[in-house]
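Mapping the sequence shown onto UniProt numbering, position 13 (from 1) lands on 13, and the numbers just tick up by one. Report on one structure; see the data block that follows.
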Amino acid sequence: MVPSDPAFLVDTPRFLFLTGKGGVGKTSLACAAALRLAEQGRKVLLTS
1 MVPSDPAFLV DTPRFLFLTG KGGVGKTSLA CAAALRLAEQ GRKVLLTS
């Protein structure tokens, strides 16, 4: 169930990995960070 008040989004830390060039390791870095955060018990949503 999603809360009706989106205030829960305000305090949620976000990690974004952005760059314009291809082949610089964006996906590898994002996967490694997501894995580590998940191991620490954090909720993770990873999209590519």
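For every residue, glycine included, the Cβ atom is placed at its ideal position computed from N, Cα and C. Quick caveat, the model's predicted, so the values are computed rather than measured.
For the pair Val24 and Ala34, the CB atoms are not nearer than the 8 angstroms cut-off. Taking 8 angstroms as the cut-off, the Cβ atoms of Cys31 and Leu46 count as close. According to the DSSP assignment, Leu29 belongs to the alpha helix (DSSP H) that extends over 26-39.
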